[in-house]
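Undergrad:
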Amino acid sequence: MPTITQRENGKWQAKVRCHGVTTSETFSTKSAAESWARRQESEVERGLWRDNSEAERTLLRDALDRYRDEVSVKKRGHDQERSLINILRDAQIARVTLARIRSADIASLVELWRKSGAAPATISRRLALLSHVFETARKSWGMDGLGNPVRLIQLPKLNNARERRVTDDEIEALCQAAAQTACLPAMIRIAVETGMRRGEIVGMHWQDIDLEKRVVRLPMTKNGYARDVPLSSRAVDVLRKQRRNISGQVFQVREDSVTQAFDRACVRAQVEDLRFHDLRHEATSRLAEKLSVHELAKVTGHRDLRMLMRYYHPRAEDLARKLG
């Protein structure tokens, strides 16, 4: 039989004991507590009841830590995911147990992010990570009865089609402003010359680079496939100037550190509305003036040509010159 008691703060607590495990929930009204208790009893009778005690004890912050140490660390790009985890850990909701988090709590968090200026794509990435934490807890950590409150949240509408072009003057200003970070100017130039992603540039090793043939081999990319990237003469010059180290890594830096240093350089150079990924966009747009769409896909690694068209933004004056 369930136990319904009123607490000192006026709220009502319902307790149900099954298979030696006591589950409790607190409600604003007695009727709500009784309704919850009846549902729990019904699930027991139908064999649907699941022990939720572990989820009742586990704070979201602790779950995020475990996810970081057991799941995230095995992924490519785990540095970037660690930054997302840190943001979630700092949220007020991280102090709540998994079992107590409701979809309304997630919706409030999304609204807070939106008001703080987070882009829809950024919010979607955070929600995707949070959702996977709940799914992992349910499927892999023995919290069978745990629901996923993120599933009921409507994702923000994305508009990723940016047309931000980068001028040569801006590139030079950024490289000068980035001089305080030893390898950043070189990484900026490599990004503009090759169209490689930030993680691909960070992950480059000397053993995968042939400066004579002007090719860099990327053993593993975002799409899960290896790719050969041709190097322009400028890119080769940049790489020749880099010091080699014992680790074999061309640039000894973390992905998230690149983003932070790049943002600081933008501020110093007074370059507005620019992200490191926009350098890939600029490189692809420049290459589109020289290569066919299929050749371009080989260079950039895009497997969906429709996605590649987002990066193709020829200037009207350039098209006019081609028309003669």
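In the working numbering, the protein residues as written are 312 to 635.
For glycine and all other residues, C-beta sits at the position ideal for the given N, C-alpha and C.
Are the region 489-500 and the region 561-578 touching by the rule of at least three beta carbon pairs closer than 8 Å?
TA: A contact exists between the region 489-500 and the region 561-578.
Undergrad: Inspect the beta-carbon positions of leucine 448 and alanine 374 and report whether they are closer than 8 Å.
TA: Correcting the residue type first, residue 448 is alanine in the shown sequence and not leucine. Yes, the pair counts as a contact, with Cβ atoms nearer than the cut-off.
Undergrad: Take the Cβ of alanine 599 as the centre, count every other Cβ of all protein chains shown within 10 Å, and call the residue buried at 16 or more, exposed below.
TA: That one is buried.
Undergrad: Within 10 angstroms of its Cβ, does alanine 344 collect 16 or more other Cβ (buried), or is it exposed?
TA: buried
Undergrad: Tell me whether valine 604 is buried or exposed, calling it buried when 16 or more other Cβ atoms sit within 10 Å of its Cβ.
TA: exposed
Undergrad: For the ligand PLP, I want to know if aspartate 519 counts as a neighbour, meaning its beta carbon is within less than 7 Å of at least one of the ligand's heavy atoms.
TA: Ligands displayed in this structure: none; no statement on the ligand PLP is therefore possible.
Undergrad: What's the call for leucine 630, buried or exposed, on a 16-neighbour Cβ count within 10 Å?
TA: exposed
Undergrad: Use the C-beta contact count for leucine 409: other C-beta atoms within 10 angstroms, 16 or more gives buried, fewer gives exposed.
TA: buried
Undergrad: Determine the extent of the beta strand (DSSP E) in which valine 540 is found, giving its start and end residues.
TA: Counted as a single uninterrupted DSSP element, the beta strand (DSSP E) harbouring valine 540 occupies residues 538-541.
Undergrad: How do the region 540-547 and the region 455-462 stand: do at least 3 beta-carbon pairs fall below 8 Å, yes or no?
TA: no
Undergrad: From the DSSP output, in three-state form, read off tryptophan 517 for me.
TA: helix
Undergrad: Identify every run of the alpha helix (DSSP H) within the region 480-519, keeping only runs that are complete inside it and at least 4 residues long; order them along the chain.
TA: 495-505 and 509-513
Undergrad: Under 6 Å Cβ to Cβ from leucine 585, same chain only, skipping five residues before and after it: list those, please.
TA: By the criterion of a C-beta distance shorter than 6 Å, leucine 585 is surrounded in its chain by Cys577, once the five residues flanking it on both sides are discounted.
Undergrad: When you compare each of Arg349, Leu485, Arg591 and Arg555 to glutamine 581 by their alpha carbons, which one comes out closest?
TA: Among Arg349, Leu485, Arg591 and Arg555, the Cα nearest to that of glutamine 581 is on Leu485.
Undergrad: Are arginine 591 and alanine 488 closer than 8 Å when you measure CB to CB?
TA: no
Undergrad: Taking the beta carbon of isoleucine 557 as the centre, do at least 16 other beta carbons fall within 10 Å, making it buried, or is it exposed?
TA: exposed
Undergrad: Taking only the alpha-carbon atoms, compute the straight-line gap between valine 610 and glycine 506 and give it to the nearest angstrom.
TA: 8 Å
Undergrad: Beta carbon of valine 407, beta carbon of leucine 466: below 8 Å?
TA: no
Undergrad: If you check the beta carbons only, do glutamate 481 and alanine 546 fall under 8 Å apart?
TA: no
Undergrad: Let me know the secondary structure DSSP gives isoleucine 315 once reduced to three states.
TA: Strand at isoleucine 315.
Undergrad: So if DSSP puts phenylalanine 338 in a beta bridge, which residue, or which two residues, is it bridged to?
TA: Trp323
Undergrad: Please identify the residue among Lys385, Trp517 and Gln324 whose C-alpha is closest to the C-alpha of glutamine 553.
TA: Ranking Lys385, Trp517 and Gln324 by Cα distance to glutamine 553 puts Trp517 first.
Undergrad: Could you check where the alpha helix (DSSP H) with valine 604 kicks off and where it finishes?
TA: 604-611
Undergrad: Where do the N-terminal and C-terminal ends of the beta strand (DSSP E) with valine 526 fall, by residue?
TA: 526-529
Undergrad: From this set, Pro431, Ala418 and Gly559, which residue's C-alpha is nearest leucine 463's C-alpha?
TA: Ala418
Undergrad: Taking only three categories from DSSP, how would you classify arginine 328?
TA: strand
Undergrad: Quick one: grab the DSSP three-state call for glutamine 563.
TA: In this structure, glutamine 563 counts as coil in the three-state DSSP scheme.
Undergrad: Going by Cα to Cα distance, which pick from Thr595, Lys601 and Glu628 is closest to glycine 612?
TA: Ranked by Cα distance from glycine 612, the options Thr595, Lys601 and Glu628 are led by Thr595.
Undergrad: From glycine 453 to tryptophan 347, what does the alpha carbon distance come to, in whole angstroms?
TA: 23 Å
Undergrad: If the criterion is Cβ atoms closer than 8 Å, does the pair tryptophan 424 and isoleucine 412 meet it?
TA: no
Undergrad: For glutamine 491, is the classification buried or exposed, using 16 other Cβ atoms within 10 angstroms of its Cβ as the cut-off for buried?
TA: It is exposed - the Cβ of glutamine 491 has fewer than 16 other Cβ atoms within 10 Å.
Undergrad: For threonine 532, does the three-state DSSP call read helix, strand or coil?
TA: In the structure shown, threonine 532 falls within a coil segment according to DSSP collapsed to helix, strand and coil.
Undergrad: Using only the alpha-carbon positions, how far apart do lysine 322 and alanine 415 sit?
TA: Answer to the nearest angstrom: the Cα atoms are 20 Å apart.
Undergrad: Within its chain, find whatever has a CB closer than 7 Å to the CB of isoleucine 520; leave out the 5 residues flanking it on each side and keep chain order.
TA: Val527 and Leu550
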